[in-house]
Amino acid sequence: MYRILIVDDEAFITDSLAFLLENQKKLELEVARAYSANEALEVLNHAVFQIVIYEIEMPGMSGLELLREIKSK
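Numbering (the working numbering), first residue to last: 1 to 73.
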């Protein structure tokens, strides 16, 4: 089973992508959502994910800054 975290400040995009992935029963995915980079860091402090899908341009902390934070941990 793979754990995927989807991060985007636009809820429609985050929720739509999560819905599509959650309905792929053959893939055995556990999908989590975050609506900001800061929320993503909170989620990542409590669980390990094999895949993180994130938007590059988000308010506050960009996706690239999020990537740097993830790599530093």
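Just so it is clear, CB atoms sit at the ideal spot from N, CA and C, and this is done for glycine as well.
Assigned exposure category for residue i - 16 Cβ within 10 Å defines buried
{"i": "ILE56", "result": "exposed"}
{"i": "PHE2", "result": "The sequence shown places Tyr at residue 2, not Phe. Under this definition TYR2 is an exposed residue."}
{"i": "VAL52", "result": "buried"}
One or two residues paired with residue i in a DSSP bridge
{"i": "LEU29", "result": "TYR2"}
{"i": "VAL7", "result": "ALA34, TYR54"}
Pairwise C-alpha distance: residue j and residue i
{"i": "GLU22", "j": "ILE6", "result": "12 Å"}
{"i": "ILE29", "j": "ILE4", "result": "Per the sequence shown, residue 29 should be read as Leu rather than Ile. Roughly 7 Å between the two C-alpha positions."}
{"i": "LYS25", "j": "SER72", "result": "33 Å"}
Sub-8 Å separation of residue i and residue j beta-carbons
{"i": "ASP9", "j": "MET58", "result": "yes"}
{"i": "VAL43", "j": "ALA34", "result": "yes"}
{"i": "ALA40", "j": "LEU66", "result": "yes"}
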